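Below is one structure, written out as structure tokens; comments come after it.
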Amino acid sequence: MSQQPAAARYIHSEADVAEHLVPVILGADILGYTYVRSFHEAYGITSILLATADVKVTSSSRFCDYRIVEGVDQEETLVAYLSDLGRELQSQGKVGILVGSGDWYARIFSQHKPELMEWYVVPYIDFDLLDEITQKERFYAICEELDIPIPRTRIYDCADPTATIDTSEFTYPCIAKPSNSARYHYAEFPGKKKIFEVETPEELERIFRALQDSIYDRELIVQEFIPGDDDGLRSITLFTDESGDVRVSAMGRVVLQDHAPSAIGNPVCILGERDESAIEAASRFLKHVGYHGFANFDCKYDPRDGKNKFFEVNTRPGRNTYYMTLGGVNFVTLFVRDYVLGEEIPVMRADKPFVYACVPPKVVRKTVKDVALRDKVLAMYKDGTARFPLDYAPDTVRHQFWASVTYYHQIQKFKKYVWDTGGKQAAAD
Numbered sequence: 015m016s017q018q019p020a021a022a023r024y025i026h027s028e029a030d031v032a033e034h035l036v037p038v039i040l041g042a043d044i045l046g047y048t049y050v051r052s053f054h055e056a057y058g059i060t061s062i063l064l065a066t067a068d069v070k071v072t073s074s075s076r077f078c079d080y081r082i083v084e085g086v087d088q089e090e091t092l093v094a095y096l097s098d099l100g101r102e103l104q105s106q107g108k109v110g111i112l113v114g115s116g117d118w119y120a121r122i123f124s125q126h127k128p129e130l131m132e133w134y135v136v137p138y139i140d141f142d143l144l145d146e147i148t149q150k151e152r153f154y155a156i157c158e159e160l161d162i163p164i165p166r167t168r169i170y171d172c173a174d175p176t177a178t179i180d181t182s183e184f185t186y187p188c189i190a191k192p193s194n195s196a197r198y199h200y201a202e203f204p205g206k207k208k209i210f211e212v213e214t215p216e217e218l219e220r221i222f223r224a225l226q227d228s229i230y231d232r233e234l235i236v237q238e239f240i241p242g243d244d245d246g247l248r249s250i251t252l253f254t255d256e257s258g259d260v261r262v263s264a265m266g267r268v269v270l271q272d273h274a275p276s277a278i279g280n281p282v283c284i285l286g287e288r289d290e291s292a293i294e295a296a297s298r299f300l301k302h303v304g305y306h307g308f309a310n311f312d313c314k315y316d317p318r319d320g321k322n323k324f325f326e327v328n329t330r331p332g333r334n335t336y337y338m339t340l341g342g343v344n345f346v347t348l349f350v351r352d353y354v355l356g357e358e359i360p361v362m363r364a365d366k367p368f369v370y371a372c373v374p375p376k377v378v379r380k381t382v383k384d385v386a387l388r389d390k391v392l393a394m395y396k397d398g399t400a401r402f403p404l405d406y407a408p409d410t411v412r413h414q415f416w417a418s419v420t421y422y423h424q425i426q427k428f429k430k431y432v433w434d435t436g437g438k439q440a441a442a443d
């Protein structure tokens, strides 16, 4: 491994990390705080966090310099601010490491990596590769080339105003989702969701027309619905070296996902569970494309053939990557050891028993249908194996209050979107 240039100016051993390294975090959601917590747990260091609003659970932390920066969610403003901040850090004998909590930030860091590396460690892949594999149609083409299982898929161009969609070729329900999440970030239309579970041909037609009429100018992916509830979903997180070889692997079975329309697809409870064939398939994908760093794959177990079908790759740590830490490997240490210190990471499995728990046990007890799974997870709540990433005892009392509010608010969300709808779970792929 080799250090990135900015780090090489100041950091030559792990002892230098606490004195010279400054994490610069974009986004104040659960992953944003997870970064704050994890850098403090590993190295005792305080981060700078940039956000567009005051997210109390994160801004109340004593372990970050929380800055509300108007326009930081706009590319030109963000890059200019980071440039000024980088110069300021350099004048203090510091070096920043850039990490973000969303696809858009990963894209901007990657696109501007050559200039940002003057002041920062930028642990993201080059833009050409990121732009290729985050286009879902290209991701599926590579999977087919490598014989990696995917759902049956059709692709439609939303940029073509004359394009039509043949709704008769699908069975319902089916799944519809944008191919480019970073571009979709800017689209606004009534009923917008991260992922659509489509019940009728008329609904699919409405979604396609709404996308065509919006700013979104990429593809709509329509896929078969793989049977099963939330607990069929799987998350795979891998860290690869410069040769594309996996050094650290972690995997979990989703027990529950968020069911609020704007957050469908975000796991809120994950049980540590490995499928080596799925991890091998994901590893083969990363080796094939020459990937370096963190990648997160979403897939779903298909009971019809016993295979995990892959949906996408995220070119960054996912919002739930704290499960790798719960599995035994603090995930931010991989950034530091590889990109900052230039060390070779030993091959490791983050496979200690864990439950990544963003919901109280009441939600699991009332929502999970599989009795054996429900009892297993509840037992892990009882013995302390289930952990909430926002629950960090060394942080402020104010932070603990807002973490508790965030945690128990999930009861109201599940009541509104699941329990009061007759228990129907809109499982999203």
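Plus 14 on top of the position in the sequence shown (first one is 1) and you've got the numbering used here.
C-beta: ideal position from N, C-alpha, C; glycine also.
All of these numbers come straight from a predicted model, not from anything done at the bench.
Report whether the distance from the Cβ of residue i to the nearest heavy atom of the ligand COA is below 7 Å.
| i | result |
| --- | --- |
| A201 | This structure simply doesn't include the ligand COA, nor any ligand for that matter. |
In terms of alpha-carbon separation, which member of the options lies closest to residue i?
| i | options | result |
| --- | --- | --- |
| C283 | D171, M265, A295 and S297 | M265 |
| T176 | L225, D98, V385 and N344 | L225 |
| Q104 | A295, V260 and W133 | W133 |
| L112 | C172, S61 and E357 | S61 |
| R333 | F402, D289, V385 and Y315 | F402 |
| E89 | E216, A274 and I122 | I122 |
| Y186 | P192, L218, P204 and E287 | L218 |
| N344 | T48, V36 and A371 | T48 |
| F428 | Y305, H273, V369 and T347 | H273 |
| E146 | C372, E326 and S257 | E326 |
| L270 | A94, S228 and L392 | L392 |
| A201 | Q125, E233, G258 and L252 | E233 |
| V350 | A56, G41 and F299 | A56 |
| G46 | D259, P317 and S75 | S75 |
| V369 | R363, V378, M362 and P128 | V378 |
| K150 | Y80, A32 and D312 | D312 |
| G114 | Y138, K108, M131 and A94 | Y138 |
Starting from residue i, trace the beta strand (DSSP E) in both directions and tell me its first and last residue.
| i | result |
| --- | --- |
| T254 | L247 to T254 |
| V391 | From DSSP, V391 is part of no beta strand (DSSP E) but of the alpha helix (DSSP H) over V385 to K396. |
What is the DSSP secondary structure of residue i, reduced to helix, strand or coil?
| i | result |
| --- | --- |
| F77 | coil |
| A67 | coil |
| P19 | helix |
| S124 | helix |
| A441 | Note that A441 scores a pLDDT of 37, beneath 50, so its modelled location is shaky and nothing firm can be said. |
| S27 | coil |
| S228 | coil |
| S115 | coil |
| L62 | It should be noted that the sequence gives Ile, not Leu, for residue 62. If DSSP states are grouped into helix, strand and coil, I62 belongs with the strands. |
| E202 | coil |
| A56 | helix |
| A177 | coil |
| I164 | coil |
| D98 | helix |
| D49 | Here residue 49 turns out to be Tyr, not Asp, going by the sequence shown. If DSSP states are grouped into helix, strand and coil, Y49 belongs with the helices. |
| F184 | coil |
| I221 | helix |
| D43 | coil |
| D434 | helix |
| D244 | helix |
Could you tell me which residues DSSP pairs with residue i in its beta bridges?
| i | result |
| --- | --- |
| L234 | Y170 and P192 |
| V262 | F253 and M362 |
| E211 | I189 |
| G110 | V36 and Y134 |
| R401 | Y370 |
Which residue marks the beginning of the alpha helix (DSSP H) containing residue i, and which one marks its end?
| i | result |
| --- | --- |
| C157 | K150 to E159 |
| P128 | K127 to L130 |
| P375 | P375 to T381 |
| V83 | Premise fails: V83 is in no alpha helix (DSSP H) and is neither H nor E. |
| F428 | V411 to Y431 |
| F141 | F141 to I147 |
When you compare the CB of residue i with every CB in chain B, is at least one pair closer than 8 Å?
| i | result |
| --- | --- |
| E202 | Of the chains in the structure shown, none is chain B; there is only one protein chain. |
Q: Enumerate, from N- to C-terminal direction, the unbroken alpha helix (DSSP H) stretches of 4 or more residues contained entirely within the region 307-367.
A: Counting only runs of 4 or more, we get 336-340 and 346-349.
Quiz prompt | Any beta strand (DSSP E) of 3 or more consecutive residues that is wholly inside the region 262-307 | solution = Restricted to the region 262-307, the beta strand (DSSP E) segments that are unbroken, complete and at least 3 residues in length are 281-286, listed in chain order.
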